[in-house]
Amino acid sequence: MFEKFTTLLNEKLSGPMAKLANQRHLRAIRDGIVATLPLIIVGSFFLIVANPPLPESWGIYQFLTGHAAQIVLPYRMTMYIMTLYAVFGIGNSLAKSYDLDGLSGGILAEIAYLLTIVPVNVTVDDAGVTGFVIPMAKLGSAGLFVGIITSIIAVEIYRFMDKKGIKITMPDAVPPAVARSFENLIPTAVVILLIGSITYWIGFDWHGFMSTLVAPLVDASDSLGSVILIVFLTCFFWCFGIHGASIVGSLARPVWLILLEKNATALAQGQAMPNVAPEPFYQWFIWIGGAGCTIGLAILMAFKSKSSYAKNLGKTVFAPACFNINEPIIFGTPIVLNPTLMIPFILSPVVCAIIAYICTTIGLVSRVSVTAPWTLPGPIGAYLATGGDWRAAVLNVVLIIISTVIYYPFFKMWDNELLEEEGKKEA
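In structure tokens, the structure reads:
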């Protein structure tokens with residue numbers, strides 16, 4: 001029965017899911033957002049500095065909080081306006097997938113996105129001088145879905161013009177950079193006229209419309225049911241050799257970034273953080289040791305194995321698992337198509353997700369607001385992601401213990417099977 005089910009999934013599901021993960025538009029979105037991660041990680045740490053996890057009576061605490069407005073400025077110019085950077089990456093990646101110039105694709109995506117924003121005329125100094133300013137909030141995660149759509153529109157116009165030969169072609173003697181600029185004149189004009197007309201003459205509110213459209217999706221993604229579904233699907237795909245994090249993450253990451261940015265903004269403004277489950281919540285309370293919360297299995301393999309294979313493999317995989325790298329475990333045991341280990345591989349992160357969600361909701365640990373580097377050991381990453389909450393580090397350790405307990409009976413079955421096979425070979 002299991003073999004038939006496995007064969008069915010491999011034949012009917014593996015191919016379509018692999019194609020979905022590599023679909024050029026989804027891949028471009030993933031590439032563009034991933035490109036912003038250094039800015040998100042570094043920028044978010046300024047929130048910790050401005051809100052230090054120190055006693056309020058300490059002088060350093062009073063100094064940092066007293067200068068919080070200046071300290072968070074790098075955050076406001078990086079993570080706070082991350083969509084401004086993401087759309088360039090999306091346009092660049094999508095253009096390259098069509099064998100077009102990536103730089104041109106990125107620039108066209110950027111201008112298309114900026115043309116969805118209406119500058120505000122405000123007084124800029126005491127003398128009454130007025131000027132136009134761009135609302136920065138629309139450059140952040142709130143504008144991400146608009147940025148994704150307009151980036152795709154801009155590059156598709158670029159591709160269509162190039163395919164139909166609608167461009168100004170310069171002689172071969174002209175330097176490539178200059179020739180490229182002239183080639184892009186017509187698609188640039190079309191993008192500006194199209195998006196500008198929709199925004200400024202028709203008066204279409206891209207951001208208001210998209211906010212209304214995706215609000216239910218964003219709200220639903222922060223529920224316990226949504227968290228469990230995401231965890232289950234990610235692990236389920238991995239069990240059959242399909243990169244679950246790549247598929248599910250590609251679809252969920254734009255929403256996760258919105259949730260995280262709302263928390264970071266609330267923290268910077270001294271308000272209560274509204275969301276439980278941005279992406280760092282998964283990283284530090286569910287994917288401990290990697291997908292499937294396999295840190296528990298790594299511990300058991302390293303210290304409780306009796307079979308030679310599990311013992312030697314445990315020595316190899318334990319160190320990477322401490323830094324959340326678990327491909328050696330997934331494919332070395334293997335967990336893929338392994339009916340014994342598939343069960344805890346799905347069960348362990350689901351249980352951890354439920355416990356962590358409840359603990360966060362009732363205030364036993366702080367909500368995540370920082371994207372800590374994913375290769376940090378679990379307790380350290382949890383501490384930093386929650387802005388320096390030591391209780392998050394304790395929860396991470398508790399979840400590691402729970403993962404170990406869940407994996408233990410299944411690990412023993414698997415280890416005994418290996419031991420029996422090794423005995424037969426020796427005999």
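Last residue of the sequence shown: 427 (my numbering), numbering continuous.
Ideal Cβ positions, reconstructed from N, Cα and C, are used throughout, including at glycine.
query                                                                                                                  : result
Validate contact between the region 413-421 and the region 295-309 using beta carbons, cut 8 Å, 3 pairs                : yes
Residue 120, DSSP secondary structure in three states                                                                  : strand
Residues sharing a beta bridge with residue 133, DSSP                                                                  : 120
Three-state secondary structure (DSSP) of residue 367                                                                  : coil
DSSP state of residue 43 mapped onto helix, strand, coil                                                               : helix
CB contact flag (residue 399, residue 285, <8 Å)                                                                       : yes
Proximity below 8 Å, CB of residue 281 to CB of residue 368                                                            : yes
Residues near residue 2 by beta carbon distance below 7 Å, same chain, minus five either side                          : Any reading at residue 2 needs caution, since the residue's pLDDT is 49, under 50, leaving its predicted position unreliable; the model's value is listed next. Within the same chain, residue 2 has close Cβ partners 339.
Residue 312 - containing alpha helix (DSSP H), residue span                                                            : 308-322
Presumed contact (8 Å Cβ cut-off) between residue 325 and residue 238, rounded CB distance                             : The pair is not a contact, with the Cβ atoms about 14 Å apart (cut-off 8 Å).
Assigned secondary structure, residue 2 (DSSP; H/G/I helix, E/B strand, else coil)                                     : Reliability fails at residue 2, whose pLDDT of 49 lies under 50, so the model's placement of it is uncertain and the value that follows must be treated cautiously. Of the three classes helix, strand and coil, the one that applies to residue 2 here is helix, per DSSP.
C-beta atoms of residue 411 and residue 313 nearer than 8 Å                                                            : no
Which of helix, strand or coil DSSP assigns to residue 70                                                              : helix
Residue 56 - DSSP class collapsed to helix/strand/coil                                                                 : coil
Helix, strand or coil at residue 339 [DSSP, three-state]                                                               : helix
Residue from 287, 272 and 250 with nearest C-alpha to residue 34                                                       : 250
Cβ distance (whole Å) where residue 248 is taken to contact residue 233 below 8 Å                                      : 5 Å
Which listed residue (186, 246, 253 and 295) has its alpha carbon closest to that of residue 217                       : 253
Extent of the continuous alpha helix (DSSP H) run through residue 89                                                   : 82-97
Top-ranked residue by Cα proximity to residue 346, from 316, 407, 200 and 394                                          : 407
Residue from 295, 144, 49 and 310 with nearest C-alpha to residue 334                                                  : 310
CB contact flag (residue 116, residue 150, <8 Å)                                                                       : yes
Touch test, the region 265-280 against the region 354-374, Cβ-Cβ under 8 Å, three pairs minimum                        : yes
Secondary structure of residue 31, DSSP reduced to three states                                                        : helix
Cβ-based neighbour list, residue 379, same chain, cut-off 7 Å, excluding 5 preceding and 5 following                   : 393, 396 and 397
Close-in-space but distant-in-sequence residues of the same chain around residue 52 (CB under 6 Å, 5 per side omitted) : 61 and 64
Exposed unless 16 or more other CB atoms sit within 10 angstroms - verdict on residue 178                              : exposed
Nearest to residue 131 (by Cα), restricted to the options 353, 256 and 121                                             : 121
Simplified DSSP state of residue 406, which is helix, strand or coil                                                   : helix
Per-residue burial, residue 230 [other beta carbons within 10 Å of its own, 16 or more giving buried]                  : buried
Bounding residues of the alpha helix (DSSP H) (the contiguous stretch that carries residue 243)                        : Run containing residue 243: none; DSSP gives neither H nor E here.
Beta carbon proximity, residue 323 to chain B, threshold 8 Å                                                           : Of the protein chains in this structure there is only one, and it is not chain B.
Limits of the alpha helix (DSSP H) - the one that residue 221 falls within                                             : 206-221
Identity of the residue in 197, 142 and 183 nearest residue 212 by Cα                                                  : 142
Inter-residue spacing [alpha-carbon to alpha-carbon] between residue 147 and residue 114                               : 9 Å
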